[in-house]
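Chemist: I have a structure here, written as structure tokens, and I will follow up with some questions on it.
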Amino acid sequence: RGSAEDVPGRRITPFGKSQIPTSKSQKAPRRFEVRLWELGLGIWDLFFMLVLSASDVKRALPMRAAIDSQKRAFVSLATGATTQPLRTAVPVPSQNAVTLFMPARVSDDLGAKIVSVFPKNIPNGLPMIHGLVIMVDSTTGQPVAAMDATYLTALRTGAGAGAATELLARPDSRTAAII
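Residue numbers (the working numbering): 1 to 179.
Here it is as structure tokens:
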């Protein structure tokens, strides 16, 4: 933040509205001023949020990368570098359903997963489970990404098993039995 007099061009208010000063003497409220270039941002960085569908997540995160990510997450959990409150369940009795809210912080990554389980969707041709992951910038609190969590949850579950197998199996093992 700086003085309103020395910000050339467009000024951005916290609500995304812009002001274009008509003269150097015209002043914007000082407490709402943002110098985007000092933050390493452009104007579109204030409004941009990455949105990934299930197919985007599939392309962006192959199983090998997911297994490696799970190993790092397990290390973070074991070393206390995480904050993972208990999930909050919000029942929807009229639908015999529940929506689960699961916030977490792992090192500097901050986000939440929301999963809804609605069994009555099946006869209507809808999926029983819907999920969304939201990632938040841990320095500003600004949402930076939203992605499908249905595929991501299945991938993470498999990657967790893959990581455990890699870490716990004998090096000469060739076959796994799943009971």
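Glycine included, each C-beta is placed from N, C-alpha and C at the ideal position.
Just verifying my parser: in three-state terms, what is the DSSP assignment at residue 34?
Modeler: The predicted position of residue 34 is uncertain, since its pLDDT is 47 and thus under 50; no value can be drawn from it.
Chemist: Pull up the DSSP beta-bridge partners for residue 134, would you.
Modeler: Partner(s): 112, 146.
Chemist: Where in the stretch 62–120 do unbroken runs of the beta strand (DSSP E), each at least 3 residues long, occur, reported from the N-terminal end onward?
Modeler: Counting only runs of 3 or more, we get 88–92, 97–106, 109–117.
Chemist: So, is residue 137 buried or exposed, given that buried needs 16 or more other C-beta atoms within 10 angstroms?
Modeler: With fewer than 16 other Cβ atoms within 10 Å, it is exposed.
Chemist: Is there a C-beta anywhere in chain B that falls below 8 Å from the one on residue 125?
Modeler: Structure shown: chain B not included; a single protein chain is present.
Chemist: Per DSSP, which one or two residues make a beta bridge with residue 50?
Modeler: BP columns for residue 50 point to 145.
Chemist: Secondary structure at residue 129, three-state DSSP: helix, strand or coil?
Modeler: Correct three-state label for residue 129: strand.
Chemist: Answer yes or no: do residue 145 and residue 106 have a C-beta to C-beta separation smaller than 8 Å?
Modeler: No; because the gap between Cβ atoms is not below 8 Å, this pair is not in contact.
Chemist: Measure the beta-carbon distance from residue 160 to residue 135 and round it to whole angstroms, keeping in mind my assumption that it falls under 8 Å.
Modeler: The pair is not a contact, with the Cβ atoms about 19 Å apart (cut-off 8 Å).
Chemist: Please say whether residue 99 and residue 114 have beta carbons closer to each other than 8 Å?
Modeler: Cβ atoms of residue 114 and residue 99: closer than 8 Å.
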